[in-house]
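Student:
Protein chains in written order, with our numbering: chain L, 43 to 320; chain R, 1278 to 1580.
1. Report the rounded CA-to-CA distance for residue 122 of chain L versus residue 1562 of chain R, giving the unit in angstroms.
2. Please state whether DSSP places residue 1530 of chain R in a helix, a strand or coil.
3. Alpha carbon to alpha carbon, how far is residue 149 of chain L from residue 1483 of chain R?
4. Going by the beta-carbon positions, is the gap between residue 133 of chain L and residue 201 of chain L smaller than 9 Å?
5. Across which residues does DSSP place residue 1336 of chain R in a beta bridge pair?
6. Runs of 3 residues minimum, wholly inside the stretch 1455-1512 of chain R: which ones carry the beta strand (DSSP E) assignment?
7. Look at residue 1374 of chain R and residue 1494 of chain R and say whether their C-beta atoms are less than 9 Å apart.
8. Counting beta carbon pairs with one atom in the stretch 149-165 of chain L and one in the stretch 1533-1551 of chain R, are three or more of them shorter than 8 Å?
9. Can you find the residues in the same chain that come closer than 8 Å, C-beta to C-beta, to residue 1556 of chain R, ignoring five residues on each side of it along the sequence?
10. Please identify the residue among L:267, L:277, L:172 whose C-alpha is closest to the C-alpha of residue 108 of chain L.
11. Does any residue of chain L bring its CB to less than 9 Å from the CB of residue 1350 of chain R?
12. The alpha helix (DSSP H) spanning residue 52 of chain L covers which residue range?
13. What's the gap between the Cα of residue 1560 of chain R and the Cα of residue 1515 of chain R?
14. Considering residue 182 of chain L, what are the terminal residues of the alpha helix (DSSP H) in which it resides?
15. Thinking just about the alpha-carbon of each residue, which of R:1577, R:1406, R:1381 is nearest to the one in residue 60 of chain L?
16. Cβ of residue 196 of chain L within 9 Å of Cβ of residue 245 of chain L?
17. Mark residue 247 of chain L as exposed unless 16 or more other C-beta atoms lie within 10 angstroms of its C-beta, in which case mark it buried.
18. Applying the criterion that 16 or more other CB atoms from any shown protein chain within 10 Å of the CB defines a buried residue, is residue 50 of chain L buried or exposed?
19. Figure out for me which residue from R:1372, R:1390, R:1318 has the closest Cα to the Cα of residue 1554 of chain R.
20. State the Cα-Cα distance for the pair residue 1285 of chain R and residue 1359 of chain R, rounded to the nearest angstrom.
21. Mind checking whether residue 1491 of chain R and residue 302 of chain L have CB atoms under 9 Å apart?
22. Nearest by alpha-carbon distance to residue 250 of chain L: which of L:300, L:85, L:146, L:120 is it?
23. For residue 1455 of chain R, which of L:56, L:58, L:71 has the nearest alpha-carbon?
24. In chain L, what lies closer than 7 Å to residue 1519 of chain R by C-beta?
25. Residues of chain L with CB closer than 9 Å to the CB of residue 1358 of chain R, please, in chain order.
26. Using only the alpha-carbon positions, how far apart do residue 1282 of chain R and residue 179 of chain L sit?
27. Hey, does residue 1413 of chain R have any beta-carbon neighbour from chain L nearer than 9 Å?
28. Indicate whether residue 1518 of chain R and residue 1370 of chain R have their beta-carbon atoms separated by less than 9 Å.
29. Just checking: is the beta-carbon of residue 1300 of chain R within a distance shorter than 9 Å of some beta-carbon in chain L?
30. List, in order along the chain, the chain R residues whose C-beta lies closer than 7 Å to that of residue 52 of chain L?
31. Using only CA atoms, which one of R:1545, R:1575, R:1567, R:1523 lies nearest to residue 1410 of chain R?
32. Restricting to Cα atoms, I'd like to know which of R:1565, R:1423, R:1400 is closest to residue 1432 of chain R.
33. Going along the chain, which residues of its own chain have a beta-carbon closer than 7 Å to the beta-carbon of residue 227 of chain L, five neighbours each way excluded?
34. Taking beta-carbon pairs under 9 Å, can you tell me which members of the stretch 214-225 of chain L lie near chain R?
35. Going by DSSP in three states, residue 276 of chain L sits in which element: helix, strand or coil?
36. From the beta carbon of residue 147 of chain L, is the nearest beta carbon of chain R less than 9 Å away?
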């Protein structure tokens, strides 16, 4: 677009500047956290916005703390399990929705929407009691199942839109070559989905990594705590090591934020289904 | 190959493979039945029963739990606080989300816009726990930059909005709006991008102002999107738990307590599962009513 008039150029510049400014202001709380992570624990926060003696000590302290490290590994274990669980169950269901017409399809889609809107606290309450009866309280089983359930609708919607984009003729060719349905999906469809499949799993991972309610409801043992419950135990006490808390928060969130930036464009269609259309 | 045969093959195949679909859907359905449908009935059952500490017996009490709860001034206050939190959070999400989406939809450099859009979504991908750390950092006087700003202007005023029963819930609402508005921006933006740009061009030629085009072309186009998103959001925020529980635990003096934290406290802390289930049923009924409206609107949109 060629805009010769200077007034238009001015407006254009103003628009670009405005958009950048809005984004920057919106991210200020995160920027404040990122800066504060490098602050020396002995330096009071109100002395200056930028730390006087930037230090990496806070991260070192966190990473040398065995309990914190273990909670990171625990979160990694649970979130990976949920991602795999959701990808398996979700891709089967998504394939079914994408390739077949069957009685009850419509009501099942509505059911998925209902699950998406189901209050987590009720699920936690009911599962807590069932977990007690089945003797799986304080294990990761109810945690993985509850997270798996709540992330399932998104997984199904996102994968379904990807299956829809792959012509069934490609699978038919594989069947003619003697492939089974599942074999065809594994050999022909999945390779075509590539990064989208990984992104869907990564998003289920991210949601589980961030999850707090189920983690605090189903786990009691100190050595089984996840990163969210480990951090939460230190929040709200006013005599705590703030810089250490911030450093832990940064280590728990920054890697995932980078992953999130990379996968964003692959998850929009699944999110839009949940919120906008069926 | 002519058009009629290519169209006929897939349809026929679908009919032949009719029952195969259920094998694919089955694991998901079993999971949903076990983990959502059964617990719902379990909660209904619990809400109709009562446990007597004196006789240590569980007995059927019908709707007595509901009558007790709805007659308690504290519960009614918490109910009202939930509605306020949900209403104002949703209002903030949609209004600010619309403004942001319009800004992102403006005719600007593509690369800048997509970079800004990606960055501004970051708060939404944060764990509520990390947001709780941020909240603490921004509202606890010794760490808050607001304190720094106040001191710079020579004011000795104390800025501790989470410590006051007048401002705690509003602060949490504001932080919720900050965290989740970008998601609504993304959804509204998706709605805006389905619009036909020629319509705007035609209106421009006819001399319509920017505001008139927004009022008479853009808004009517995304009306149903905004409506669905609002209802969807009302359901989610009505059941909101994490940030409130981690930062204030519903305090001070339960001024930021909402239904979800009330239920959690009644169940997991007080171990009064019947009261928790009763409050849970009230929350569920509230959500179901809103969700039913969402489903009806979506079904209507399909036709």
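Glycine included, every Cβ here is placed at the ideal spot set by N, Cα and C.
In this text the structure is predicted, and so the values were computed from the model without any measurement.
Tutor: In this structure, then:
1. Within the first chain, numbered from 1, the residue matching residue 122 of chain L stands at position 80. Within the second chain, numbered from 1, the residue matching residue 1562 of chain R stands at position 285. The alpha-carbon atoms of residue 122 of chain L and residue 1562 of chain R are separated by roughly 34 Å.
2. On the second chain, position 253 is the one that residue 1530 of chain R refers to. DSSP places residue 1530 of chain R in coil when its eight states are reduced to three.
3. Stepping through the first chain from its first residue, residue 149 of chain L is reached at position 107. Stepping through the second chain from its first residue, residue 1483 of chain R is reached at position 206. Spanning the alpha carbons of residue 149 of chain L and residue 1483 of chain R requires a straight line of approximately 46 Å.
4. Here residue 133 of chain L refers to the residue found at position 91 of the first chain. Here residue 201 of chain L refers to the residue found at position 159 of the first chain. Yes, the Cβ-Cβ distance between residue 133 of chain L and residue 201 of chain L is below 9 Å.
5. Position 59 of the second chain holds residue 1336 of chain R. In the DSSP output, where bridge partners are listed per residue, residue 1336 of chain R has R:1327.
6. Fully enclosed beta strand (DSSP E) runs of 3 or longer: not present.
7. Along the second chain, read from residue 1 onward, the residue named residue 1374 of chain R stands at position 97. Along the second chain, read from residue 1 onward, the residue named residue 1494 of chain R stands at position 217. Cβ distance not < 9 Å, so residue 1374 of chain R and residue 1494 of chain R don't count as in contact.
8. Contact holds between the stretch 1533-1551 of chain R and the stretch 149-165 of chain L, because three or more Cβ pairs, one in each stretch, are under 8 Å apart.
9. Working through the second chain from its first residue, we reach residue 1556 of chain R at position 279. Hits under 8 Å: 1346, 1352, 1536, 1539, 1540, 1543.
10. Locating residue 108 of chain L in the first chain gives position 66, where the first residue counts as 1. Of the listed residues, the one whose Cα sits closest to residue 108 of chain L is L:267.
11. The sequence position of residue 1350 of chain R within the second chain is 73, counting from 1. Using a CB distance cut-off of 9 Å, residue 1350 of chain R does not count as an interface residue toward chain L.
12. Within the first chain, numbered from 1, the residue matching residue 52 of chain L stands at position 10. Taken as a continuous stretch (DSSP letters only), the alpha helix (DSSP H) holding residue 52 of chain L covers 48-68.
13. As a working mapping, residue 1560 of chain R is identified with position 283 in the second chain. As a working mapping, residue 1515 of chain R is identified with position 238 in the second chain. Distance between the alpha carbons of residue 1560 of chain R and residue 1515 of chain R: 8 Å.
14. As a working mapping, residue 182 of chain L is identified with position 140 in the first chain. DSSP places residue 182 of chain L in no alpha helix (DSSP H); its state is neither H nor E.
15. Looking up residue 60 of chain L in the first chain gives position 18. Of the listed residues, the one whose Cα sits closest to residue 60 of chain L is R:1381.
16. In the first chain, residue 196 of chain L corresponds to position 154, counting from 1. In the first chain, residue 245 of chain L corresponds to position 203, counting from 1. Against a cut-off of 9 Å, the Cβ pair of residue 245 of chain L and residue 196 of chain L comes out as a contact.
17. Here residue 247 of chain L refers to the residue found at position 205 of the first chain. Buried.
18. Working through the first chain from its first residue, we reach residue 50 of chain L at position 8. Around the Cβ of residue 50 of chain L, a 10 Å sphere holds fewer than 16 other Cβ atoms; the residue is exposed.
19. Sequence index remark: in the second chain, residue 1554 of chain R carries index 277 (1-based). Among R:1372, R:1390, R:1318, the Cα nearest to that of residue 1554 of chain R is on R:1318.
20. Position 8 of the second chain, counted from the first residue, corresponds to residue 1285 of chain R. Position 82 of the second chain, counted from the first residue, corresponds to residue 1359 of chain R. Residue placement at residue 1285 of chain R is poorly supported in this model, since its pLDDT is 42, which falls under 50; the coordinates are not used for a value here.
21. Stepping through the second chain from its first residue, residue 1491 of chain R is reached at position 214. Stepping through the first chain from its first residue, residue 302 of chain L is reached at position 260. No, the Cβ-Cβ distance between residue 1491 of chain R and residue 302 of chain L is not below 9 Å.
22. Within the first chain, numbered from 1, the residue matching residue 250 of chain L stands at position 208. Ranking the options by Cα distance to residue 250 of chain L, first place goes to L:120.
23. Looking up residue 1455 of chain R in the second chain gives position 178. Of the listed residues, the one whose Cα sits closest to residue 1455 of chain R is L:71.
24. Locating residue 1519 of chain R in the second chain gives position 242, where the first residue counts as 1. Residues of chain L with a Cβ closer than 7 Å to the Cβ of residue 1519 of chain R are, in chain order, 254, 255.
25. Taking the second chain and counting its residues from 1, the one referred to as residue 1358 of chain R is at position 81. Those do not exist, as residue 1358 of chain R stays about 16 Å from chain L at its closest Cβ, beyond 9 Å.
26. Sequence index remark: in the second chain, residue 1282 of chain R carries index 5 (1-based). Sequence index remark: in the first chain, residue 179 of chain L carries index 137 (1-based). Residue confidence is low: residue 1282 of chain R scores 40 on pLDDT, short of 50, so the model does not pin down where it sits. No coordinate-derived value is stated.
27. Residue numbering aside, residue 1413 of chain R sits at position 136 when the second chain is read from its first letter. Yes, residue 1413 of chain R counts as interfacial toward chain L.
28. Translated into positions along the second chain, residue 1518 of chain R becomes position 241. Translated into positions along the second chain, residue 1370 of chain R becomes position 93. For the pair residue 1518 of chain R and residue 1370 of chain R, the CB atoms are not nearer than the 9 Å cut-off.
29. On the second chain, residue 1300 of chain R is found 23 positions in, with the first residue counted as 1. The beta-carbon of residue 1300 of chain R is placed less than 9 Å from the nearest beta-carbon of chain L.
30. Here residue 52 of chain L corresponds to residue number 10 of the first chain, with the count starting at 1. Those do not exist, as residue 52 of chain L stays about 14 Å from chain R at its closest Cβ, beyond 7 Å.
31. Taking the second chain and counting its residues from 1, one reaches residue 1410 of chain R at position 133. It is R:1523 whose Cα lies nearest to the Cα of residue 1410 of chain R.
32. By one-based count along the second chain, residue 1432 of chain R stands at place 155. It is R:1423.
33. Reading the first chain from its first residue, position 185 is the one you call residue 227 of chain L. For residue 227 of chain L, where only same-chain residues beyond five positions count, the Cβ hits under 7 Å are 137.
34. Here the close residues are 214, 223.
35. Position 234 of the first chain, counting from 1, holds the residue named residue 276 of chain L. Residue 276 of chain L sits in coil when the DSSP states are folded into three classes, being neither helix nor strand.
36. Stepping through the first chain from its first residue, residue 147 of chain L is reached at position 105. Yes, its Cβ sits closer than 9 Å to a Cβ of chain R.
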